[in-house]
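Asks:
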Amino acid sequence: MDSYTHCFLVSTVLMLLILNSNAANPPSKLVQNICKETSNPPNCLSALQPDPRTTSVSTFRDLAQIALQLAIANTTNSQTFIKNMLNSKGNNPHLRHAIQNCVSSYRYAIYSFRSALNELDDDPLTANYDAKVAGDGATNCEDGVASTGQTVAPISTRNQYLLLYSDIGYRITNKL
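Mind the numbering: the sequence shown is residues -23 to -1, 1 to 153 in mature numbering (1 follows the signal peptide of the UniProt record, and there is no 0), read in order.
See the structure below:
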């Protein structure tokens, strides 16, 4: 089994363990209501519920902070995973170039999420914009990989999470 597949499997198992350990502590009504507004409510709940702060969060500002911190952590982890794929053998030059573009796209997404987090109090409108455009990194990455005529499922999965966190951040910051 290659290293990035192993890393993906370990990450998935850990996520499932975390989700199961928090099953007895449902997220707050605020989290549930925000997730209903997203494009994928069940995945939204799965993304936010592992953080114990979501069981008692009561303000949009605090929820935005939690969601953006999770977005930064997830996107950073995904970027590291994608960087490690560059070291794997067997990637054709076109796919390798696409993966390099993914790393760059994720760097900008992380920057956008960090900017959104820093702007929550002073400029919520810009925070809202930055949370939304962070998702462009996933679209750029996915389009680049697709242009090679190949599909890389682990990258596509991470792109879906990046889009999800962007959607969550956008929905919450839109309420500030």
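Each residue gets a CB set at the ideal place from its N, CA and C atoms; glycine is no exception. Here the structure is a predicted model, which is why all the values come from computation and not from measurement.
In whole angstroms, what is the alpha-carbon distance linking M62 and V129?
Replies: Cα-Cα distance, rounded: 10 Å.
Asks: Mind checking T52: buried by the 16 CB within 10 Å criterion, or exposed?
Replies: The residue is buried, with at least 16 neighbouring Cβ atoms inside 10 Å.
Asks: Quick one: what does DSSP say N64 is sitting in, helix, strand or coil?
Replies: Coil at N64, not helix or strand.
Asks: Skipping 5 residues on each side, what residues in its chain have a beta carbon closer than 8 Å to that of N78?
Replies: Only N117, C118, G121 meet the Cβ criterion.
Asks: Given a threshold of 16 other Cβ atoms within 10 Å of its Cβ, counted over all protein chains shown, does L102 qualify as buried or as exposed?
Replies: Burial call: exposed.
Asks: What first and last residue would you give for the alpha helix (DSSP H) that runs through D100?
Replies: Note, D100: premise wrong, no alpha helix (DSSP H); not H, not E.
Asks: Hey, is the region 75 to 90 in contact with the region 105 to 114, meaning 3+ C-beta pairs nearer than 8 Å?
Replies: They touch, by the three-pair rule.
Asks: Output the distance between the C-alpha atoms of A123 and T31, rounded to the nearest integer angstrom.
Replies: Straight-line Cα distance between these residues: approximately 36 Å.
Asks: In terms of alpha-carbon separation, which member of Y106, G126, Y138 lies closest to N151?
Replies: Answer by Cα proximity: Y106.
Asks: So the candidates are P18, E14, P4, V34; which of them puts its Cα closest to the Cα of Q26?
Replies: It is P4 whose Cα lies nearest to the Cα of Q26.
Asks: Secondary structure at N17, three-state DSSP: helix, strand or coil?
Replies: Coil, per DSSP.
Asks: Can you list, in chain order, the residues of its chain with a C-beta nearer than 7 Å to that of I149? Leave out the 5 residues immediately preceding and following it.
Replies: Taken in chain order, the residues that qualify are I11, F37, L40, A41, A44.
Asks: Tell me whether N136 sits in a helix, a strand or coil according to DSSP, three-state version.
Replies: Note: N136 maps to helix in three-state DSSP.
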